[in-house]
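Notes follow the structure.
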Amino acid sequence: MYARRQRGVTLLVTMLILVAVMLVGASAARMALQGEQAARAGRDRQVAFQAAEDALMDGERDVTGTATAGGGHGGGDGSGSDGRGAGGAGSGAGAWRARSALFGGDTGLGFIDGCGTGPVNAGLCARATGAATPAWQAVDLSGAEDGGGHTVQYGDYSGASMQTGSGFLPFHRPRYLIEFLPCHQPSDEVGAPGGHCYRVTAIGFSARPETEVVLQSVFRRAD
């Protein structure tokens, strides 16, 4: 009788040890999975951040007129497979020169409410007045809803190219828009007429569509 009780206790202890080992194993597996997910999320954000930075610089080149004359606004999904990417819209040098002229004056000509959609003023947005929502918040930056009509795809005007759609690369090219804003330099005297600045807002993507990064820069063109 005593031996049978010992065997029963031994079996119970063994089962408890097995349960404890299984719990430890499950916990370790869960921690490893969470670590992998965190690493993947960090990598995706870094890819999207870099893409947004590239688009931000592309927008600044657009403003300063250092883009090439081979591009044109093409909208599209940015996959590079529809022929509407860098240099593919067919707007040509004429549209590029006309667009460059829009950044040379103080009137904001070409910058319209809701952002331009034409080959010359695509993604050029007037300053929101009063309680109106700023263009970068009102417009679909990703281009998913409007087909990219109110924003500019990376490379549309600069002629720059970007690989997308494979591996860890962005699933499509980043986009940007440009707002015309009044601004004053810190050295300006009180009451002096101000100049104007440009706010570039860019969105970048990762390999997964749900990961996006938005960046902004505000600068004054040296005329």
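For the record, in the sequence shown the residue sitting at position 29 is 29 according to this note's numbering, with numbers rising by one throughout.
By construction, the Cβ of each residue, glycine as well, lies at the ideal position given by its N, Cα and C atoms.
Next on the checklist: Please classify P182 as buried or exposed, where buried requires at least 16 other C-beta atoms within 10 Å of its C-beta.
Outcome noted: Here residue 182 refers to the residue found at position 182 of the sequence shown. Result: exposed.
Checklist entry - Relative to the alpha-carbon of D106, which residue among G159, T14, G148, E179 has its alpha-carbon at the smallest distance? => result The count along the sequence shown starts at 1 and reaches residue 106 at position 106. Nearest option by C-alpha distance: E179.
Item to check | Outcome for T164 when other beta-carbon atoms lying within 10 angstroms are tallied against a minimum of 16 | outcome: Locating residue 164 in the sequence shown gives position 164, where the first residue counts as 1. Classification of T164: buried, given that the 10 Å Cβ count is 16 or more.
Item to check | Neighbourhood of Q65 by C-beta distance below 7 Å, restricted to the same chain and skipping five residues each side | outcome: In the sequence shown, counting from the first residue as 1, residue 65 sits at position 65. The sequence shown places Gly at residue 65, not Gln. Apart from sequence neighbours up to five positions away, the residues of its chain that approach G65 with a beta-carbon distance below 7 Å are S100, F103, ordered along the chain.
Checklist entry - How many angstroms separate the CA atom of P174 from the CA atom of A132? => result By one-based count along the sequence shown, residue 174 stands at place 174. By one-based count along the sequence shown, residue 132 stands at place 132. Cα to Cα, P174 sits roughly 26 Å from A132.
Checklist entry - How do the segment 13-26 and the segment 142-155 stand: do at least 3 beta-carbon pairs fall below 8 Å, yes or no? => result no
Checklist entry - Do A38 and V213 have their C-beta atoms closer together than 8 Å? => result For the purposes of this step, residue 38 is identified with residue 38 of the sequence shown, where counting begins at 1. For the purposes of this step, residue 213 is identified with residue 213 of the sequence shown, where counting begins at 1. Taking 8 Å as the Cβ cut-off, A38 and V213 do not qualify as a contacting pair.
Item to check | Coarse secondary structure for A132, derived from DSSP in three states | outcome: For the purposes of this step, residue 132 is taken as residue 132 along the sequence shown, with counting starting at 1. Looking at A132 - three-state DSSP - the assignment turns out to be coil, as it is neither helix nor strand.
Next on the checklist: Going residue by residue through the segment 97-172, where are the continuous beta strand (DSSP E) segments of at least 3 residues, counting only ones entirely within it?
Outcome noted: none
Next on the checklist: Whole angstroms are fine: how far does the CA of R199 sit from the CA of T117?
Outcome noted: Start at 1 with the first residue of the sequence shown, and residue 117 comes out as number 117. Start at 1 with the first residue of the sequence shown, and residue 199 comes out as number 199. Approximately 18 Å, taken between the alpha carbons.
Checklist entry - What is the rounded straight-line gap between the Cα of G123 and the Cα of D62? => result Stepping through the sequence shown from its first residue, residue 123 is reached at position 123. Stepping through the sequence shown from its first residue, residue 62 is reached at position 62. Roughly 11 Å separates the two Cα atoms.
Checklist entry - Taking the DSSP output, what are the residues bridged to H196? => result Position 196 of the sequence shown, counting from 1, holds the residue named residue 196. According to DSSP, residue pairing for H196 in a beta bridge involves P182.
Checklist entry - Is it buried or exposed for L16, if we count other Cβ within 10 angstroms and need 16 for buried? => result Taking the sequence shown and counting its residues from 1, one reaches residue 16 at position 16. By the 10 Å Cβ count, L16 comes out exposed.
Next on the checklist: In the DSSP output, which residue or residues are listed as bridge partners for E259?
Outcome noted: Given that the chain is displayed from residue 1 to residue 223, the structure contains no residue 259 and the question cannot be resolved.
Checklist entry - With 16 other CB atoms within 10 Å as the buried threshold, where does V139 fall? => result Residue mapping note: residue 139 aligns to position 139 of the sequence shown, counting from 1. Buried, because 16 or more other Cβ atoms sit within 10 Å of the Cβ of V139.
Checklist entry - Exposed or buried, which one is G137 when buried takes at least 16 other CB atoms within 10 Å? => result Residue 137 sits at position 137 when you count from the first residue of the sequence shown. Residue identity check: residue 137 is Gln in the sequence provided, not Gly. When all chains shown are included, Q137 counts as exposed.
Item to check | Proximity of D225 and A95 at Cβ, strictly below 8 Å | outcome: No information on residue 225 is available, as it lies outside the stretch 1 to 223 that the chain covers here.
Next on the checklist: Please state the DSSP three-state secondary structure of A48.
Outcome noted: Here the question's residue 48 lines up with position 48 in the sequence shown. Three-state DSSP puts A48 in a helix.
Checklist entry - What residue range is occupied by the uninterrupted beta strand (DSSP E) comprising E212? => result The residue labelled residue 212 in the question sits at position 212 within the sequence shown. That run of the beta strand (DSSP E) goes 212-219.
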